[in-house]
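When the letters of the sequence shown are read in order and numbered with the numbering used here, they come out as residues 166 to 230. Glycine residues also receive a C-beta, built at the ideal position from the N, C-alpha and C atoms. Report on one structure; see the data block that follows.
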Amino acid sequence: MMLTLDEDDVAKQLWSQLQTLRVDDSSSPYYGGYIDVLSKDTHMFDNVLPAIVERRGQDAGIFTE
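In structure tokens, the structure reads:
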């Protein structure tokens, strides 16, 4: 939503916070996903929506990794 509203700075802040929730352990079966690994609590939108946002932000040159 912030990208749609041209709120790039807010979008970057939210994206940075979201990245703290991503599983970065490449040996994990949940690698790259957004999940509470201990409880296995997640649903499709926890992973689909971040993927859409990531693509839009990268395409717009706002998010870089």
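Residue from the options with nearest C-alpha to residue i
| i | options | result |
| --- | --- | --- |
| Leu214 | Leu183, Val175, Lys205 | Leu183 |
| Thr185 | Val175, Asp174, Asp201 | Asp201 |
| Glu219 | Tyr199, Leu203, Ser204 | Tyr199 |
| Thr131 | Val188, Asp224, Ile217 | For the chain, the structure presents residues 166 to 230; residue 131 sits outside this window and is missing. |
| Gly197 | Ser204, Ala216, Glu172, Ala225 | Ala216 |
6 Å Cβ shell around residue i - same chain, five flanking residues per side excluded
| i | result |
| --- | --- |
| Phe228 | Trp180, Gly222 |
Local conformation of residue i per DSSP, three classes
| i | result |
| --- | --- |
| Asp224 | helix |
| Leu189 | The residue asked about is misnamed: residue 189 is Asp in this sequence, not Leu. Looking at Asp189 - three-state DSSP - the assignment turns out to be coil, as it is neither helix nor strand. |
| Asp201 | strand |
| Asp173 | helix |
Distance, residue j Cα to residue i Cα
| i | j | result |
| --- | --- | --- |
| Val175 | Asn212 | 20 Å |
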